[in-house]
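Colleague: In UniProt numbering, the protein residues as written are 1 to 392.
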Amino acid sequence: MNNLNNNNNNNNNSINNNNNYRKRTNDIEINENITFSELLLNKDILRGLEDAGYIKPSPIQLKAIPLGISGIDMIAQAKSGTGKTVVFGVIALDYCEMVGGVPRKPLVLIMAPTREIAVQIGDVVKQISKYCKRIKTQVFIGGLKEDNDIHRLAGSQIIVGTPGRIKSLIENLQLRTDTLKMLILDEADKLLDASFTKIINWIYTTMPANRQILAFSATYPSYLINILQAYMKSPIQIRLCSDTPSLEGIKQYYQVFKNPNSTNPGTNYKLFQEKIKSLLLILEQVSFYQAIIFINHKIRAEELARILNRESWPTSFIAGGQDQRERLQTMNALKQFNIRILVSTDLISRGIDVERVNLVINMDLPKDHETYFHRIGRTGRFGTFGISVTFI
Numbered sequence: 001m002n003n004l005n006n007n008n009n010n011n012n013n014s015i016n017n018n019n020n021y022r023k024r025t026n027d028i029e030i031n032e033n034i035t036f037s038e039l040l041l042n043k044d045i046l047r048g049l050e051d052a053g054y055i056k057p058s059p060i061q062l063k064a065i066p067l068g069i070s071g072i073d074m075i076a077q078a079k080s081g082t083g084k085t086v087v088f089g090v091i092a093l094d095y096c097e098m099v100g101g102v103p104r105k106p107l108v109l110i111m112a113p114t115r116e117i118a119v120q121i122g123d124v125v126k127q128i129s130k131y132c133k134r135i136k137t138q139v140f141i142g143g144l145k146e147d148n149d150i151h152r153l154a155g156s157q158i159i160v161g162t163p164g165r166i167k168s169l170i171e172n173l174q175l176r177t178d179t180l181k182m183l184i185l186d187e188a189d190k191l192l193d194a195s196f197t198k199i200i201n202w203i204y205t206t207m208p209a210n211r212q213i214l215a216f217s218a219t220y221p222s223y224l225i226n227i228l229q230a231y232m233k234s235p236i237q238i239r240l241c242s243d244t245p246s247l248e249g250i251k252q253y254y255q256v257f258k259n260p261n262s263t264n265p266g267t268n269y270k271l272f273q274e275k276i277k278s279l280l281l282i283l284e285q286v287s288f289y290q291a292i293i294f295i296n297h298k299i300r301a302e303e304l305a306r307i308l309n310r311e312s313w314p315t316s317f318i319a320g321g322q323d324q325r326e327r328l329q330t331m332n333a334l335k336q337f338n339i340r341i342l343v344s345t346d347l348i349s350r351g352i353d354v355e356r357v358n359l360v361i362n363m364d365l366p367k368d369h370e371t372y373f374h375r376i377g378r379t380g381r382f383g384t385f386g387i388s389v390t391f392i
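1) When the Cα of residue 92 is compared with those of 159, 360, 240, which residue comes out closest?
2) Across which residues does DSSP place residue 316 in a beta bridge pair?
3) Taking the beta strand (DSSP E) that residue 354 falls in, what are its first and last residues?
4) Does the distance from the CB of residue 220 to the CB of residue 77 come in under 7 Å?
5) Based on DSSP bridge pairs, tell me the residues matched to residue 140.
6) Are the segment 346 to 364 and the segment 143 to 154 in contact at 8 Å, needing three or more beta carbon pairs?
7) Give every residue of the same chain whose Cβ lies closer than 6 Å to the Cβ of residue 44, excluding the five residues on either side of it in the sequence, and list them in chain order.
8) For residue 286, is the classification buried or exposed, using 16 other Cβ atoms within 10 angstroms of its Cβ as the cut-off for buried?
9) Could you give the DSSP three-state label for residue 324: helix, strand or coil?
10) Between residue 295 and the rest of its own chain, which residues show a CB-CB distance below 8 Å, the 5 nearest in sequence each way excluded?
11) Based on the DSSP output, what are the partners of residue 257 in its beta bridges?
12) Nearest CA to the CA of residue 119: which residue from 327, 375, 380, 386?
13) For residue 240 versus residue 213, is the C-beta distance shorter than 7 Å?
14) On the DSSP bridge list, what partners appear for residue 62?
15) Quick one: residues in its chain with C-beta nearer than 7 Å to the C-beta of residue 49, no 5 flanking neighbours on either side, listed in chain order?
16) In whole angstroms, what is the alpha-carbon distance linking residue 114 and residue 54?
17) Using the C-alpha atoms, what's the distance from residue 250 back to residue 21?
18) Can you list, in chain order, the stretches of the beta strand (DSSP E) that have 3 or more residues and sit fully within the segment 61 to 111?
19) For residue 189, which residues of its own chain have a beta-carbon under 6 Å away from its beta-carbon, when the five flanking residues on both sides are left out?
20) Looking at residue 96 and residue 107, is the spacing between their C-beta atoms short of 7 Å?
21) Is the beta carbon of residue 83 sitting closer than 7 Å to the one on residue 60?
22) Provide the residue(s) that pair with residue 390 in DSSP beta bridges, ordered along the chain.
23) I need the boundaries of the alpha helix (DSSP H) containing residue 373, first residue and last residue.
24) Looking at the secondary structure, which residues open and close the alpha helix (DSSP H) in which residue 240 lies?
25) In its own chain, which residues sit with a C-beta less than 8 Å from the C-beta of residue 46, not counting the 5 before and 5 after it?
26) Could you give the residue range of the alpha helix (DSSP H) that holds residue 123?
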């Protein structure tokens, strides 16, 4: 990691992205000349992958898909942005196609820790299942009315959702679990932390004993492997990044500030103002398409978004507690390039994939190193190049 304090104003171009450089990093490059067509997948899935631009598998896709479609329980670890969603999306679709799209009942349950990740998973699965006419995928998240959930569940084989909403659907006898054959945990380390583990355990107990379980994440604390193995039957582990969880294409920088841990409100606000000055300088001098700025408090996130808009940077903010429709609109605005900058709490530090984001700034330090790697993993995705700057 490089010290940004050592860069003078004439040298800041050294941290620029090369936005015209199209070479991909080794995170997603494989030595073998293999395409998805050689993985013995259903032809309709292959057509969907090709339409979505997936021709050659990334390392995690090459290793995990053949094992997953063979029915083996799996614990998979790979860096953020290397194609894990496509892995379990293909495995889920392959199973549904294998049984001929029948019964038209829930066969696969995909769990995600946040609503935004669940929506994104649903989008990816629907995209690559474009030609799988017998397969129906639906997403169920909190913050939205449940009025038509029963109607949407009817005939759906792949169910994507957040723990709270899925538990509610099961409790209300709207979602049958006796037909489920596969449970997929995305961001498994987050799903099995203190905030979700009771709900995940409860959902797990409602499922048939004969089911396949797949777990995916970029980070796995050592204790978590033992917990996951208790859910599974002789799982195979695929760990491609246990030593180097950061993506190769991310240049990491930091800038040091005085009194970063002060408890004095006046000092804290002065520090916030100093960080804003540095932030504006970075935004002016670094070439970027889109940026995500992480900040630890919702009030400060909202204030920073107002300041950036006032400085003529099209910006929105997103945080827990917002209306869900507003959150979805904000994410759509980012993905459709209607805004340049998104200010966020750790709500979107995991799993969110926005192609044009090539700058991540940590205005506040994350709570732990796992969160740091997830945050900066919003850039440099799928072998591209990006920059992260952390204020210390």
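Ideal Cβ placement from N, Cα and C applies to all residues, glycine included.
On a predicted model such as this, the values are computed, not experimentally measured, just so you know.
Modeller: So, from the listed chains and residues:
1) Stepping through the sequence shown from its first residue, residue 92 is reached at position 92. Nearest option by C-alpha distance: 159.
2) As a position in the sequence shown, residue 316 is number 316, starting the count at 1. Answer is 342.
3) Counted from its first residue, the sequence shown places residue 354 at position 354. Here residue 354 belongs to no beta strand (DSSP E), and DSSP marks it neither H nor E.
4) Walking along the sequence shown from the start, residue 220 turns up at place 220. Walking along the sequence shown from the start, residue 77 turns up at place 77. Cβ atoms of residue 220 and residue 77: closer than 7 Å.
5) The residue given as residue 140 occupies position 140 in the sequence shown. In the DSSP output, where bridge partners are listed per residue, residue 140 has 161.
6) Contact between the segment 346 to 364 and the segment 143 to 154 is absent, because fewer than three Cβ pairs lie under 8 Å.
7) Here residue 44 corresponds to residue number 44 of the sequence shown, with the count starting at 1. So the qualifying residues of the chain are 131, 132.
8) Stepping through the sequence shown from its first residue, residue 286 is reached at position 286. Classification for residue 286: buried.
9) Taking the first residue of the sequence shown as 1, we reach residue 324 at position 324. In this structure, residue 324 counts as helix in the three-state DSSP scheme.
10) What you label residue 295 is simply residue 295 of the sequence shown in a count that begins at 1. If we look at residue 295 and ignore the five residues flanking it on each side, its Cβ neighbours are 301, 304, 343, 344, 345, 363, 364.
11) In the sequence shown, residue 257 corresponds to position 257, counting from 1. Residue 257 is not bridged to any residue.
12) For the purposes of this step, residue 119 is taken as residue 119 along the sequence shown, with counting starting at 1. Closest by alpha carbon: 327.
13) Translated into positions along the sequence shown, residue 240 becomes position 240. Translated into positions along the sequence shown, residue 213 becomes position 213. Contact: no.
14) As a working mapping, residue 62 is identified with position 62 in the sequence shown. Paired residues: none, contrary to the question.
15) Taking the first residue of the sequence shown as position 1, residue 49 is located at position 49. Residues of the same chain with a CB within less than 7 Å of the CB of residue 49, apart from the 5 flanking positions on each side, are 36, 128 in chain order.
16) The residue given as residue 114 occupies position 114 in the sequence shown. The residue given as residue 54 occupies position 54 in the sequence shown. The straight-line gap from Cα to Cα measures roughly 26 Å.
17) Counting from one through the sequence shown, the residue named residue 21 turns up at place 21. Counting from one through the sequence shown, the residue named residue 250 turns up at place 250. Bear in mind that a pLDDT of 38 at residue 21, under 50, signals an unreliable position, so the model cannot answer this.
18) 74 to 77, 108 to 111
19) Residue 189 sits at position 189 when you count from the first residue of the sequence shown. For residue 189, where only same-chain residues beyond five positions count, the Cβ hits under 6 Å are 217, 219, 220, 224.
20) Residue numbering aside, residue 107 sits at position 107 when the sequence shown is read from its first letter. Residue numbering aside, residue 96 sits at position 96 when the sequence shown is read from its first letter. Yes. Within cutoff.
21) Position 83 of the sequence shown, counted from the start, is the residue given in the question as residue 83. Position 60 of the sequence shown, counted from the start, is the residue given in the question as residue 60. Yes, they are a contact pair.
22) On the sequence shown, residue 390 is found 390 positions in, with the first residue counted as 1. Per DSSP, 254, 362.
23) Counting from one through the sequence shown, the residue named residue 373 turns up at place 373. Residue 373 -> alpha helix (DSSP H) spans 369 to 376.
24) Translated into positions along the sequence shown, residue 240 becomes position 240. In the DSSP annotation of this structure, residue 240 is not part of any alpha helix (DSSP H), being labelled neither H nor E.
25) Against the sequence shown, residue 46 aligns to sequence position 46. Around residue 46: 36, 37.
26) Here residue 123 corresponds to residue number 123 of the sequence shown, with the count starting at 1. Segment 115 to 128, the alpha helix (DSSP H) holding residue 123.
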